[in-house]
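The block underneath contains the structure these notes are about, expressed in structure tokens.
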Amino acid sequence: MVSQIIAKTVFMYLVIIISMRLMGKRQIGQLQPFEFAIAVMISDLAVMPLSDEGKNFLHGLIPIFVLVLCQVLLSFLSVKGVRIREIICGKPILLIRNGKLLEKNMRKELYTINDLTEQLRFNSIQCVGDVEYGILETNGQLSVFLKSEKRPVTPEDLGLKTSEEKLCYDVIIDGKLIGRTLDRLNLKREWVDQALKDYGVNDYEQVFYAYIDSSMKLQVQKKGEYLE
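This is the structure in structure tokens:
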């Protein structure tokens with residue numbers, strides 16, 4: 323009996339994971355309203371066969387399959403056309419213009435001043451007057467564009483030329499060498515071993531984390547080097 327419950331739970335867990343993967347890679351805060359609703363419904367449906375022994379597994383699986391199919395279909399339609407996307411997901415709306423709140427738009431979206439100032443603080447902005455444009459996105463997040471005189475200075479503003487920024491790549495994670503990184507960068511293990519010797523490391527197990535930075539140098543943190 324216990325083994326059956328464990329097996330069912332693991333199976334439904336895998337079903338939810340696969341369903342979420344089929345729905346695409348998004349964080350909870352990036353989900354559209356209909357996507358969030360489907361995610362909640364899938365979670366509830368997955369619990370039904372587990373909480374009620376009288377219910378067949380198909381009572382949970384079939385609705386989950388239908389919901390995932392609906393979500394994939396809606397996502398496909400939203401990609402195909404702007405008008406369809408606006409109907410399904412809505413469209414961004416302007417809440418701040420030139421440091422002033424647009425009351426009509428805020429009422430339309432049921433967006434309070436407290437909500438707005440909270441979002442501004444999340445963006446490290448204290449005053450509404452510093453904002454050129456504030457746009458409420460379809461996922462509920464506020465995109466903020468500061469006034470030109472309030473923006474951080476960039477190298478372009480100073481007339482400085484910068485080199486191209488390259489990605490960083492994981493090389494060793496908790497003592498394990500990431501072989502696909504070496505293949506991607508066409509590097510040899512001998513190169514890694516030699517670079518580790520410069521840090522006094524002779525064994526991968528001594529490394530907590532090592533990565534190749536944008537200048538193609540190996541940066542290493544040993545195990546136990548920084549515990550707090």
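To convert, take the position in the sequence shown, counting from 1, and add 322; that gives this note's numbering.
Where is the CB? At the ideal position from N, CA and C, for every residue including glycine.
Cβ neighbour criterion (16 or more within 10 Å) applied to residue i
i	result
Met334	buried
Asn436	exposed
Gln441	buried
Leu438	buried
Gly382	buried
Pro414	exposed
Tyr548	exposed
Gln349	Below a pLDDT of 50, predicted positions are generally treated as unreliable, and Gln349, at 48, falls in that range; the measurement from the model is reported next regardless. By the neighbour-count rule (16 or more Cβ atoms within 10 Å), Gln349 is not buried but exposed.
Ala329	exposed
Ala359	exposed
Gln448	exposed
Leu391	exposed
Val369	exposed
Leu464	buried
Gln514	According to the sequence as given, residue 514 is Val; it is not Gln. Buried, because 16 or more other Cβ atoms sit within 10 Å of the Cβ of Val514.
Val337	buried
Limits of the unbroken beta strand (DSSP E) element including residue i
i	result
Gly456	Val453 to Leu458
Leu417	Ile415 to Arg419
Ser465	Leu464 to Leu468
Lys544	Leu540 to Lys544
Val529	Val529 to Ile534
Val551	Not covered by the structure: residue 551. The range shown for the chain is 323 to 550.
8 Å Cβ shell around residue i - same chain, five flanking residues per side excluded
i	result
Asp452	Gly421, Leu468, Lys469 and Lys472
Leu489	Ser536
Ser477	It should be pointed out that residue 477 corresponds to Pro in this sequence rather than to Ser. The residues are Lys483 and Thr484.
Gly546	Phe530
Distance CB(residue i)-CB(residue j) smaller than 8 Å
i	j	result
Leu504	Val542	no
Val493	Leu540	yes
Ile386	Leu367	yes
Leu399	Ile406	yes
Ser397	Ile364	no
Phe530	Lys510	no
Tyr491	Tyr521	no
Limits of the alpha helix (DSSP H) - the one that residue i falls within
i	result
Lys426	Glu425 to Lys430
Phe379	Neither: Phe379 is in no alpha helix (DSSP H) and is coded neither H nor E.
Ile435	Ile435 to Phe444
Val514	Arg511 to Lys519
Thr503	Gly501 to Leu507
Beta-carbon proximity list for residue i, same chain, < 7 Å, skipping 5 on both sides
i	result
Pro474	none
Val466	Leu442, Asn445, Ile447, Val453 and Gly456
Asn427	Ile415, Leu416 and Leu417
Glu487	Ser536
Cutoff 6 Å; reference residue i; Cβ partners in own chain excluding five residues on either side
i	result
Phe379	Pro371
Point to revise | Contact between the segment 516-527 and the segment 487-498 (3+ Cβ pairs under 8 Å) | key: Contact between the segment 516-527 and the segment 487-498 is present, because at least three Cβ pairs lie under 8 Å.
Practice item. Could you tell me whether the segment 445-456 touches the segment 418-425, where touching means 3 or more Cβ pairs closer than 8 Å? Key: A contact exists between the segment 445-456 and the segment 418-425.
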